[in-house]
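Enquirer: This structure is in C-alpha cells; I'll ask about it shortly.
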Amino acid sequence: MSLSRTTVLSGSLAVVAALALSACGAATDNASTTTDGKSAATATSAADIGGMDALVAAAKKEGTLHAIALPRDWANYGALIDGFQKKYGIKIEDESPDASSQDEINAVTTRKGQDRAPDVLDLGSSFALSAAQQGLLAPYKVASFGDLPSAQKDPQARWYNDYGGYVSIGCDAKRVKTCPTTFADLLKPQYKGQVALNGNPTKSGSAFGGVYAAALANGGSFDDVQAGLDFFAKLKKNGNYTPVESTPATVEKGETPISIDWDYLNAGYADEFKSKGLDWKVSVPSDGQYAQYYSQAINKDAPHPAAARLWQEYLYSTEGQNLWLKGYARPALMTAMDKAGTLDKDAAAKLPAVTGTPSFPSEDQQNKAKTVIAQGWGKAVSG
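So the mapping is simple: our numbering equals the position in the sequence shown, first residue as 1, plus 1.
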C-alpha cells in the first residue's frame, strides 16, 4: 500500500514536495445552473438547487468529476468509483491516486480557476481543518449530515469524516506460533526481530497512529505521546522491533511477520494473503485503542460543482457507506445505519472486534504529538 495514503492521517508530519500540478488553460464557464437559475456552485444542500433530481440533472450536464488521490485498492475506492459512474453516467477522472493530502491542497491552490482543479478532496483530518481555515472548501450538507457524529464534522459543513479505522496488529500465523494481540504482548522475547510499522511515524500516518496507540497502552494519553516513544525504544532495545517498513511484499517474504497498521489495511491483506497460503490474523489491541478517520470536502472553486456535490451525496448514501464497509473501513455513518437497519451486517461482522466508542485527539494534541515524535523518534530506535 502506498505510503502517501498513510501520510494523510499524520497531518503535517512530513514536508512533501508539490506535484507538478499546473494545467493548461483556464476553466470553462461550466458552473451548472438549473432552468430557474439556481447555481450548484453556491448550493449548500441539494434543496438549494431544487432537490436531488435537479442536482443529478446538473451533474450529468457537467459529465465529469475530477478527483485526486483515490487509490482503487484503498478502502474499496475502486468499487465506489465504478458504482458512481454506472449509476449516474458521470466519468470520474482520478488523477495521481497515490498523492498525499498536501498534494491535494496544492492542486486546489495552484489550479484555482482552471478546469483541471480537483472537484473533491479526501483529506487527513488535520489537513481538512487547515483547508477550511484557508477558505478553500465549500460548505455543503449531504442529506445524511444530521446523522454524522458531532465530533466528526465541521459545524459549517466544510468537511466531515467519511471512513476510518483503528490501529491493529497483523500477524502471519504460519510463521508466528502465538500471535500477539496487545502492545504488552509485543515485548515478549519470542517476537525478536518480527515487529514492524508501516513506515516511519514522522512521515506515515499509520506509523504515527501506532506510536500514539502504544502511548495509550503504556500510561500515556492524547496529551502525552512520549510513552509511545519509550515503548518503541524498549522494543528496539530488546531486539523485537525491525526498521523494515511493512508492506504486503515484506509480509510475503517473511521479513515483517508482525505488522502494526490500520485495521482496514490489515484486514484487507488477510483476504489477499489467503490465496497465497498465508494465514494473516488481525486484532485491535485492547490496551491501546487509537482510531482515526479521513475527511471529505468540496473545492470551493470546483470546476464541476454539481458533480462534486452529487459525489458527496453518493458517498454518504447507504450504498456508498456500505461499499467502504466492504473494504473493511468503518464508515462515519456506521452507528446511525446500524440503528436504522441499513448497515451491511455481513461486512460489519468481518471487521476486527472493538469495544467502546472511539475518541479522537484535538488538533492541538495532534500537533503537539507530531512535534514530540519528530524530535524523539530517531533517538528512540537508533543503535
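Here a beta-carbon is modelled for each residue, glycine too, at the ideal position from N, C-alpha and C.
(1) Go to residue 57, then tell me how far its alpha helix (DSSP H) extends in each direction, as first and last residue.
(2) With 16 as the cutoff for other CB atoms within 10 Å, does residue 132 come out buried or exposed?
(3) Taking the alpha-carbon of residue 67 as reference, which of 93, 78 and 61 has the nearest alpha-carbon?
(4) Could you spell out the range, first to last residue, of the alpha helix (DSSP H) harbouring residue 378?
(5) Output the distance between the C-alpha atoms of residue 319 and residue 298, rounded to the nearest integer angstrom.
(6) Rounding to the nearest angstrom, what Cα-Cα distance links residue 355 and residue 282 in this structure?
(7) Mind checking whether residue 167 and residue 328 have CB atoms under 9 Å apart?
(8) Following the continuous beta strand (DSSP E) through residue 173, name the residue where it begins and the one where it ends.
(9) How far does the alpha helix (DSSP H) with residue 104 in it reach, from first residue to last?
(10) So within the stretch 268 to 324, which uninterrupted alpha helix (DSSP H) runs reach at least 4 residues, ignoring any that extend past its ends?
(11) Just the C-alpha distance for residue 23 and residue 96, rounded to the nearest angstrom, thanks.
(12) Going by Cα to Cα distance, which pick from 198, 214, 72 and 353 is closest to residue 246?
(13) Since I believe residue 242 is in contact with residue 196 (beta carbons under 8 Å), could you give me their beta-carbon distance rounded to a whole number of angstroms?
(14) Identify, in the order they occur along the chain, each residue of the same chain with its Cβ nearer than 6 Å to the Cβ of residue 317, setting aside the five sequence neighbours on each side.
(15) Our contact map puts residue 374 next to residue 226 with C-beta atoms below 8 Å; I'd like the distance itself, whole angstroms only.
(16) Given a cut-off of 9 Å on the beta-carbon distance, is the pair residue 178 and residue 239 in contact?
(17) Quick test of your reading: residue 141 and residue 376, contact by CB under 8 Å. State the CB separation rounded to the nearest angstrom.
(18) Looking at the unbroken alpha helix (DSSP H) that takes in residue 230, where does it start and where does it end?
(19) Taking the CB atoms as reference points, tell me whether residue 162 and residue 291 lie closer together than 9 Å.
(20) Rounded to the nearest angstrom, what separates residue 153 and residue 336 at their Cα positions?
(21) Shorter than 8 Å, the distance from the beta carbon of residue 288 to the closest heavy atom of the ligand COA, or not?
(22) Reducing DSSP to helix, strand and coil, say where residue 204 ends up.
(23) Between residue 334 and residue 148, how many whole angstroms is the CB-CB distance? I'm expecting something under 8 Å.
(24) Assuming residue 212 contacts residue 230 under a Cβ cut-off of 8 Å, what Cβ separation, rounded to an integer in Å, is found between them?
(25) Evaluate the contact criterion for the stretch 47 to 55 versus the stretch 97 to 112: three or more CB pairs, one atom per stretch, below 8 Å.
(26) Can you give the Cα-Cα distance for residue 190 and residue 237, rounded to whole angstroms?
(27) Between which residues of its own chain and residue 130 is the CB-CB distance below 6 Å, once the five residues before and five after are set aside?
(28) Do you know whose CA, among 380, 371 and 383, lies nearest residue 204's CA?
(29) Within 10 angstroms of its Cβ, does residue 244 collect 16 or more other Cβ (buried), or is it exposed?
(30) Grouping DSSP H, G and I as helix and E and B as strand, with all else coil, what is residue 49?
(31) Answer with buried or exposed for residue 262, where buried requires no fewer than 16 other C-beta atoms within 10 angstroms of its C-beta.
(32) Going by the DSSP bridge assignment, what does residue 332 pair with across the sheet?
(33) Beta strand (DSSP E) containing residue 155: first to last residue?
(34) If you follow the alpha helix (DSSP H) that residue 92 is part of, which residue opens it and which one closes it?
(35) Take the Cβ of residue 53 as the centre, count every other Cβ of all protein chains shown within 10 Å, and call the residue buried at 16 or more, exposed below.
(36) Quick one: residues in its chain with C-beta nearer than 7 Å to the C-beta of residue 155, no 5 flanking neighbours on either side, listed in chain order?
Expert: By the coordinates alone:
(1) 53 to 63
(2) buried
(3) 93
(4) 364 to 382
(5) 19 Å
(6) 15 Å
(7) no
(8) 161 to 173
(9) 102 to 111
(10) 306 to 316
(11) Low per-residue confidence applies at residue 23: pLDDT is 33, beneath 50, and the placement is therefore not dependable enough to give any value.
(12) 198
(13) 5 Å
(14) 143 and 145
(15) 6 Å
(16) no
(17) Between residue 376 and residue 141 the Cβ distance is about 39 Å, and since that is not below 8 Å, they are no contact.
(18) 227 to 238
(19) no
(20) 13 Å
(21) For the structure depicted, the ligand COA is absent and the ligand set is empty, with no information on it obtainable.
(22) coil
(23) 6 Å
(24) 7 Å
(25) no
(26) 12 Å
(27) 364
(28) 371
(29) exposed
(30) helix
(31) buried
(32) 164
(33) No beta strand (DSSP E) holds residue 155; DSSP gives it neither H nor E.
(34) Segment 92 to 96 is the beta strand (DSSP E) holding residue 92; no alpha helix (DSSP H) there.
(35) exposed
(36) 133 and 161
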